[in-house]
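See structure below.
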Amino acid sequence: MQSQFRHVALIGKYQAVGSGSTGASSRRAMEDIAHFLHAQGCEVAFEAETARNLGITGHAMLDVDGIGAQCDLGLVVGGDGTMLGIGRQLACHNVPLIGINQGRLGFITDIPLEGYQAVLLPMLHGAYEEDRRSLMQARVMRDGHCVFDALAMNDVVVNRGATSGMVELRVEVDGHFVANQRADGLII
Numbered sequence: 208m209q210s211q212f213r214h215v216a217l218i219g220k221y222q223a224v225g226s227g228s229t230g231a232s233s234r235r236a237m238e239d240i241a242h243f244l245h246a247q248g249c250e251v252a253f254e255a256e257t258a259r260n261l262g263i264t265g266h267a268m269l270d271v272d273g274i275g276a277q278c279d280l281g282l283v284v285g286g287d288g289t290m291l292g293i294g295r296q297l298a299c300h301n302v303p304l305i306g307i308n309q310g311r312l313g314f315i316t317d318i319p320l321e322g323y324q325a326v327l328l329p330m331l332h333g334a335y336e337e338d339r340r341s342l343m344q345a346r347v348m349r350d351g352h353c354v355f356d357a358l359a360m361n362d363v364v365v366n367r368g369a370t371s372g373m374v375e376l377r378v379e380v381d382g383h384f385v386a387n388q389r390a391d392g393l394i395i
């Protein structure tokens, strides 16, 4: 039976390095997953930074926009931070993501690396339940100008940065005033 996903992007831990025992282990895991996906009839591309950092060659490499344009699935191998980061970047492309946990927590990258094949195989053939996540858009305005604008999947953290003392924050949701806040920062 052929996978319902034809072109899969493999995305690894942000700034993972291929040297040392941990890096070699990550590289082996990624190459093993690529081989497994090929055996299921999938075309595999590596996220370009992942491939460079791990020293992976011999596979197609795509940046985030390329993944968004060419892939119908992103397979994230890392921890929740890796999933949150790439989820933010790929949100505008509407590429579904599946997470294989190579981190510590695994709340949203909940497929264990050991034995991933048994869980991933049925998913590739359509046996999964989609879990859509809400996104927040955060903007930091200073003197009427936007100085920061980003999407967030889990939370938004605004802090004072390197300055001393507290910051004054005006919080609005969908353009409606919520609160004025003097604090070291704010987590939403």
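Residue numbers for the sequence shown follow our numbering, so the first one is 208 and each next one is one higher. Cβ atoms here follow ideal geometry from the backbone N, Cα and C, with glycine treated the same way. Computed from a prediction, not measured in an experiment: that's the story for all the values here.
Q) Mapping DSSP to helix, strand and coil, what is N260? A) Start at 1 with the first residue of the sequence shown, and residue 260 comes out as number 53. N260 falls in the helix class under three-state DSSP.
Q: Work out the CA separation of M237 and C278 for me, nearest whole Å.
A: Your numbering for residue 278 matches position 71 in the sequence shown. Your numbering for residue 237 matches position 30 in the sequence shown. Approximately 17 Å between the Cα atoms of the pair.
Q.
Pop quiz: F241 and H266 are said to be a contact at Cβ under 8 Å. What is the actual Cβ separation, rounded to whole angstroms?
A. Position 34 of the sequence shown, counted from the start, is the residue given in the question as residue 241. Position 59 of the sequence shown, counted from the start, is the residue given in the question as residue 266. It should be noted that the sequence gives Ala, not Phe, for residue 241. The C-beta separation of A241 from H266 comes to about 6 Å, placing the pair in contact by the 8 Å criterion.
Q: Along the alpha helix (DSSP H) that carries Q296, what are the first and last residues, could you check?
A: In the sequence shown, counting from the first residue as 1, residue 296 sits at position 89. Element bounds for Q296: D287 to L297.
Q. Are the region 340-351 and the region 320-331 in contact at 8 Å, needing three or more beta carbon pairs?
A. no
Q. Got a sec, what are the start and stop residues for the alpha helix (DSSP H) G356 sits in?
A. Indexing the sequence shown from 1 puts residue 356 at position 149. Residue 356 is actually Asp in this sequence, not Gly. That residue, D356, is in no alpha helix (DSSP H); its beta strand (DSSP E) goes H352 to A359.
Q) Which class does H214 belong to by DSSP, given the choice of helix, strand or coil? A) By 1-based counting over the sequence shown, the position of residue 214 is 7. The answer is strand: DSSP assigns H214 an E or B state.
Q. Nearest CA to the CA of F214: which residue from G273, L320, V365 and R234?
A. For the purposes of this step, residue 214 is taken as residue 7 along the sequence shown, with counting starting at 1. Before going on, a small fix: residue 214 reads as His here, not Phe. If we check each option's Cα against that of H214, G273 comes out closest.
Q: Give every residue of the same chain whose Cβ lies closer than 6 Å to the Cβ of L393, excluding the five residues on either side of it in the sequence, and list them in chain order.
A: Counted from its first residue, the sequence shown places residue 393 at position 186. Excluding sequence neighbours, L393 sits near V365 and L376.
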